[in-house]
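The structure appears below as structure tokens.
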Amino acid sequence: MKKMQLLDCTLRDGAYIVDAKFGVPAIKGMIKKLQDAGVDIIECGWLKNAPHEEGTSFYHVPEDLEQYLLKRRTHTTYVAMIDWDRYDLSYLPQCDGKSLDAIRVVFPHGKHKEGITVGKEIAKKGYQVYFQAANTLAYSEEDLIDLAREMNQVHPVAVSVVDTFGAMYQEDLERIVQVLDCELDAGIKLGFHSHNNQQLSFALTMHFVELLKASKRGCIVDSSLCGMGRGAGNATTELVANYLNRKQHGDYDMNQIMDAIDMYMQYFQENYTWGYSTPYFIAGMYCCHVNNIAYLLKNHRTNALDMRNIIESLSPEERRKYDYDLLEEKYLENQNRIVDDDAVMEQLEHALANREVVLIAPGKTSSTDWKQITEYIQRTNAIVIGINAINPNYTFDYLYLMNTVRYNYAKEVYPKQFGEVQKILLSNIKTSPEEKEMIVNFNRVIKRGWEHFDNAVINALRLLDKLHVQKVSLAGFDGFKHKYNESYADAALPTLNPDNKWDELNEEINDMFQNFKASSNMKIAFLTESIFDHGEQTI
-19 MKKMQLLDCT
-9 LRDGAYIVDA
1 KFGVPAIKGM
11 IKKLQDAGVD
21 IIECGWLKNA
31 PHEEGTSFYH
41 VPEDLEQYLL
51 KRRTHTTYVA
61 MIDWDRYDLS
71 YLPQCDGKSL
81 DAIRVVFPHG
91 KHKEGITVGK
101 EIAKKGYQVY
111 FQAANTLAYS
121 EEDLIDLARE
131 MNQVHPVAVS
141 VVDTFGAMYQ
151 EDLERIVQVL
161 DCELDAGIKL
171 GFHSHNNQQL
181 SFALTMHFVE
191 LLKASKRGCI
201 VDSSLCGMGR
211 GAGNATTELV
221 ANYLNRKQHG
231 DYDMNQIMDA
241 IDMYMQYFQE
251 NYTWGYSTPY
261 FIAGMYCCHV
271 NNIAYLLKNH
281 RTNALDMRNI
291 IESLSPEERR
301 KYDYDLLEEK
311 YLENQNRIVD
321 DDAVMEQLEH
331 ALANREVVLI
341 APGKTSSTDW
351 KQITEYIQRT
361 NAIVIGINAI
371 NPNYTFDYLY
381 LMNTVRYNYA
391 KEVYPKQFGE
401 VQKILLSNIK
411 TSPEEKEMIV
421 NFNRVIKRGW
431 EHFDNAVINA
441 LRLLDKLHVQ
451 KVSLAGFDGF
461 KHKYNESYAD
471 AALPTLNPDN
481 KWDELNEEIN
491 DMFQNFKASS
501 NMKIAFLTES
511 IFDHGEQTI
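Counting along the sequence shown from 1, when you hit position 406 you're at 386 in our numbering, and nothing is skipped either side.
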């Protein structure tokens, strides 16, 4: 039996990225390429209570996997994972050796005894059992000793250390491995599953192997093709296999692994996002569940500073879970810093009285059509307000900002124009104005009911409506195209749509726009082409 084994979890951890919808060719092809590469253990996906949908790596029963196994190899172990409390074991038949050899049971900190009970039932049906101790970093020395003693009673194939939040450093791993290697029976292998929140996944995997070299214990390391996995992703199979080949006498066929990447991973890399990012680094900093980060990114496009403040406001226990209602409450608390803005509203209403307003949004047409727009402004003597960005083609009367990242970008990239223009800021950015800054309460302009309710143009229109502005003309309110920042006049402008679901965002903005028009008597015209123009006057 090999001392050091490689487990590929692409089809299991990568399922978070694509909702398990890899497609039949990819599932078949990945499994074949990985087994032909000599990968010791292939985690083929999850066992779920729901019926299997063809082309997904969610299986109802092991038999569902058979269609994807072109030819089983004796040197490969085929496994699937279950959550300790989310799979009804009455669905699980006796192991017949035609599909799954083993099942990995994952359980949270504090639930190892319950997880072990589930594993016992699985073992009775003839399957090998592997355990995943999620959030192992939370285990004290006493916890680890108790975990090991309980595991010794059932003697699974392996117990894996799991860096659930990507928060471990080398000394953390050393502490955990030292206790478990000492306390576990010699025949139980020790595994390691990492997440790349702090870009330490590969380094920790190598360190784990080095820690186990002097031990007689078997070792399993998890990885995935291109690091595909939830949030910041995992250690990459190609790097780990190459390391084991070069430094640990491994014999993995790198050509087969690279073929798997070339043939099956390119589509997913081009159409989905995973891997290290600042928000997922914040998750690692605070041992925070990645679903909290994903929620703030998807629903509010939260910048890193605000995200850190929101996560920091949660208790350690709350961070490890994901309560979206609580998270929404904390988000609004962070954004809705109350200020006394009555004087500001009165001042703005007086300044805009009986004047047409032109809003310059940051869409590309605000630059391509700037001459036409400028002529219109001069002809109508309109008030000009820049929306969430400075465009150097214009002289603004006001700059409206509702995002801290855009505020800082405008201040640093266009310092002269930023310093000269009067700025209307929402209270989520700051509560104490500096020179030439006017602060309006965040809750004056937002309207709930949409995921991205904080769109700057829509909220600027709501503010102007409260100020009794009768006519507004829009420029640069183009709508989003599909490539990163392709839609902006300034291609370097920080994007506020990290998940790149542009069509969904366009539909939502259009719905908010129609909702606003239905509730307002404001006359709205478009100065430039826009996907949101459905018959309004176009100048």
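Ideal Cβ positions, reconstructed from N, Cα and C, are used throughout, including at glycine.
Under the DSSP definition of a beta bridge, which residues are partnered with residue i?
{"i": "R84", "result": "M61 and Y110"}
{"i": "K536", "result": "This structure leaves residue 536 out entirely; the chain is present only between -19 and 519."}
{"i": "K503", "result": "K451"}
{"i": "Y468", "result": "G343"}
{"i": "F38", "result": "W26"}
{"i": "D(-12)", "result": "I22 and S203"}
{"i": "E509", "result": "DSSP output for E509 lists no bridge partner at all."}
{"i": "M418", "result": "I404"}
Which same chain residues end up closer than 8 Å to residue i when comparing Cβ atoms and leaving out the 5 residues on each side of it in sequence?
{"i": "L80", "result": "C24, P42, L45, Y58, V59, A60 and Y107"}
{"i": "C268", "result": "F145, I262, I291, L294, R299 and R300"}
{"i": "I365", "result": "V337, V338, L339, I340, F376, D377, Y378, L379, Y380, I404 and A440"}
{"i": "Q133", "result": "I96"}
{"i": "K416", "result": "G399, E400, V401, Q402 and K403"}
{"i": "D123", "result": "H89"}
{"i": "N371", "result": "I340, P342, S346, S347, W350, G456, A469 and D470"}
{"i": "P73", "result": "V41, P42, E43 and K105"}
Suppose the cutoff is 7 Å on Cβ atoms and the five residues either side in sequence are ignored; what does the same chain contact list for residue i look like?
{"i": "K196", "result": "A166"}
{"i": "N439", "result": "M382, V425 and I426"}
{"i": "A369", "result": "P342, R386, A390, D470 and L473"}
{"i": "V189", "result": "M(-16), C199, V201 and Q228"}
{"i": "K1", "result": "G35 and T36"}
{"i": "V324", "result": "M418, I419 and V420"}
{"i": "T360", "result": "E336"}
{"i": "P259", "result": "I273, L277, A284 and M287"}
{"i": "Y223", "result": "M186"}
{"i": "K503", "result": "Q450 and K451"}
{"i": "D434", "result": "H280, M382 and I426"}
{"i": "L127", "result": "H92, A113 and Y119"}
{"i": "I11", "result": "I22, C24, Y48 and L49"}
{"i": "E154", "result": "L191"}
{"i": "D16", "result": "D233 and Q236"}
State the Cα-Cα distance for the pair residue i and residue j, rounded to the nearest angstrom.
{"i": "T345", "j": "A471", "result": "13 Å"}
{"i": "W350", "j": "L379", "result": "17 Å"}
{"i": "A30", "j": "H40", "result": "6 Å"}
{"i": "L276", "j": "N383", "result": "14 Å"}
{"i": "S347", "j": "T375", "result": "13 Å"}
{"i": "N115", "j": "V141", "result": "8 Å"}
{"i": "E34", "j": "I7", "result": "10 Å"}
{"i": "E392", "j": "V159", "result": "51 Å"}
{"i": "C162", "j": "V139", "result": "13 Å"}
{"i": "R84", "j": "M148", "result": "22 Å"}
{"i": "K461", "j": "D483", "result": "8 Å"}
{"i": "D20", "j": "N271", "result": "31 Å"}
{"i": "T354", "j": "L307", "result": "43 Å"}
{"i": "N373", "j": "Y356", "result": "14 Å"}
{"i": "Q327", "j": "R210", "result": "49 Å"}
{"i": "W64", "j": "E130", "result": "16 Å"}
{"i": "Y247", "j": "E487", "result": "25 Å"}
{"i": "N495", "j": "D445", "result": "13 Å"}
{"i": "D76", "j": "A(-5)", "result": "26 Å"}
{"i": "L332", "j": "S203", "result": "60 Å"}
Assuming residue i and residue j make a contact with CB atoms under 8 Å, what is their CB distance in whole Å?
{"i": "G18", "j": "Y244", "result": "No, G18 and Y244 are not in contact; Cβ-Cβ is about 18 Å, not under 8 Å."}
{"i": "V385", "j": "I363", "result": "Their Cβ separation, rounded to whole angstroms, is 26 Å, which puts V385 and I363 out of contact at 8 Å."}
{"i": "G99", "j": "V109", "result": "4 Å"}
{"i": "I409", "j": "I367", "result": "Their Cβ separation, rounded to whole angstroms, is 14 Å, which puts I409 and I367 out of contact at 8 Å."}
{"i": "D(-7)", "j": "L14", "result": "Actually they are not in contact, since the Cβ atoms of D(-7) and L14 sit about 14 Å apart, beyond 8 Å."}
{"i": "G264", "j": "N177", "result": "3 Å"}
{"i": "M208", "j": "I(-3)", "result": "6 Å"}
{"i": "F422", "j": "Q315", "result": "5 Å"}
{"i": "L69", "j": "E121", "result": "That pair is no contact at about 32 Å."}
What residues in its chain sit with their C-beta under 6 Å from that of residue i, if we drop five residues either side in the sequence?
{"i": "E218", "result": "I237"}
{"i": "L27", "result": "Y39, A60, I62 and Y67"}
{"i": "V4", "result": "G35"}
{"i": "I125", "result": "E163"}
{"i": "L180", "result": "none"}
Could you check whether the Cβ of residue i sits closer than 7 Å to any Cβ belonging to chain C?
{"i": "E355", "result": "Absent here is chain C; the protein component of the structure consists of one chain."}
Any chance the CB of residue i is under 6 Å from a heavy atom of the ligand ZN?
{"i": "D63", "result": "Among the components of this structure there are no ligands whatsoever, and the ligand ZN is therefore not found."}
Contained beta strand (DSSP E) runs [length at least 3] in the region 158 to 223, N- to C-terminal order = List check, beta strand (DSSP E) in window: 169 to 173 and 199 to 203.
Would you list, in sequence order, the uninterrupted beta strand (DSSP E) runs of no fewer than 3 residues that lie entirely inside the region 100 to 148?
-> For the beta strand (DSSP E) assignment, the uninterrupted runs of no fewer than 3 residues enclosed by the region 100 to 148 are, from N- to C-terminal side, 108 to 113 and 138 to 142.
Mind listing, in chain order, the continuous alpha helix (DSSP H) runs of no fewer than 4 residues lying wholly within the region 350 to 396?
-> Runs of the alpha helix (DSSP H) inside the region 350 to 396: 350 to 360 and 384 to 393.
Enumerate, from N- to C-terminal direction, the unbroken beta strand (DSSP E) stretches of 3 or more residues contained entirely within the region 303 to 353.
-> Here the runs fully enclosed are 337 to 340.
Which ranges does the alpha helix (DSSP H) cover as unbroken runs of at least 4 residues, wholly within the region 247 to 296, from first to last along the chain?
-> Segments of the alpha helix (DSSP H) lying fully in the region 247 to 296: 258 to 265, 270 to 280 and 284 to 292.
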